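Student:
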Amino acid sequence: MLKSIKVDNTIIEMMLFYWQSSLDKEKVSEQYLNEISQSKQMGYTYDNEFNGESVRKVLSAITNREPFKSNIKKESRFWNNNMWVMEDMELTNFMVDPIKKLNLDSFIPTVENSKFEEIELIFVPGTLETSYVKENKIVVNFFKIAVDYMDPEKITIENTPFIEYIENLIKSSIA
Numbered sequence: 686m687l688k689s690i691k692v693d694n695t696i697i698e699m700m701l702f703y704w705q706s707s708l709d710k711e712k713v714s715e716q717y718l719n720e721i722s723q724s725k726q727m728g729y730t731y732d733n734e735f736n737g738e739s740v741r742k743v744l745s746a747i748t749n750r751e752p753f754k755s756n757i758k759k760e761s762r763f764w765n766n767n768m769w770v771m772e773d774m775e776l777t778n779f780m781v782d783p784i785k786k787l788n789l790d791s792f793i794p795t796v797e798n799s800k801f802e803e804i805e806l807i808f809v810p811g812t813l814e815t816s817y818v819k820e821n822k823i824v825v826n827f828f829k830i831a832v833d834y835m836d837p838e839k840i841t842i843e844n845t846p847f848i849e850y851i852e853n854l855i856k857s858s859i860a
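Given below as structure tokens:
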């Protein structure tokens, strides 16, 4: 029976600092980039094409204002998505807001037949996939969060309202 859902936005908070610093032309240290790239949260997104070195390399190129070209689609997408969120930090903050306010306590009793007592919902800057499920860890790609330019309060993932998408993802992942 599901007893708790923990929301982990640690990496998104770290990325907000990174994006703003890079936007302000401040150099972000390699140590900070390594903390992000070697984090367990980011590790859930890694595979044989995209790994911690991919993250470090992309973030380093951005903060050092170096050209970046990769034949690996996931690295190129990661670079592109990071550049995109830096173009409009106000929009990025609209994307972050529902994560910071996310409270699923009232949702927990509606979940039936959970094989886990605790679920960890982790938000990270990913590559191509919208979400990843590893045991009781559900990882959501931050870059897949969409904000309606005409109504910034309207937040979706894959054209589904944000909270509805998260609830459906949890239900389908733990059954």
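Going left to right, the sequence shown walks through residues 686 to 860 as this note's numbering numbers them.
We put the CB at the ideal spot given by N, CA and C, even for glycine.
All values derive from a computational prediction rather than experimental measurement.
Below 8 Å CB to CB, which residues in the same chain sit around S745 once its five sequence neighbours on both sides are set aside?
Tutor: Excluding sequence neighbours, S745 sits near E715, L718, E751.
Student: Is it buried or exposed for K742, if we count other Cβ within 10 angstroms and need 16 for buried?
Tutor: Flag for K742 reads buried.
Student: Could you compute how far the alpha carbon of N788 sits from the alpha carbon of K758?
Tutor: Cα-Cα distance, rounded: 34 Å.
Student: Looking only at its own chain, which residues have a Cβ that is under 7 Å from the Cβ of S707, when we skip the five neighbours before and after it?
Tutor: Answer for S707: V713, I747, T748, M771, listed in chain order.
Student: Within a Cβ cutoff of 7 Å, which residues of the same chain sit near V832, ignoring the five residues on either side of it in sequence?
Tutor: Cβ within range, chain order: L776, F779, M780, I840.
Student: In the DSSP assignment, find the unbroken alpha helix (DSSP H) run with K839 in it and report its ends.
Tutor: Note, K839: premise wrong, no alpha helix (DSSP H); not H, not E.
Student: Any idea what DSSP makes of S689, helix, strand or coil?
Tutor: Strand at S689.
Student: Assuming F792 contacts E849 under a Cβ cut-off of 8 Å, what Cβ separation, rounded to an integer in Å, is found between them?
Tutor: Rounded, the Cβ-Cβ distance is 11 Å, inconsistent with contact.
Student: Tell me which same chain residues have a C-beta within less than 6 Å of the C-beta of S858, skipping the five on either side of it?
Tutor: Cβ neighbours of S858 beyond the five flanking positions: V818, I823.
Student: Could you give the uninterrupted runs of the alpha helix (DSSP H) lying entirely in the segment 776-860, keeping only those of 4 residues or more?
Tutor: Taking only runs of at least 4 residues, the alpha helix (DSSP H) segments lying wholly in the segment 776-860 are 847-859.
Student: Since F735 and E760 are thought to touch, with beta carbons under 8 Å apart, how far apart are those beta carbons, to the nearest angstrom?
Tutor: About 6 Å separates the two Cβ atoms, so the contact holds.
Student: Less than 9 Å between the C-beta atoms of I696 and I807, yes or no?
Tutor: In contact: I696 and I807 (Cβ atoms closer than 9 Å).
Student: Cβ of W764 less than 9 Å from any chain D Cβ?
Tutor: The displayed structure is made up of one protein chain only, and chain D is not part of it.
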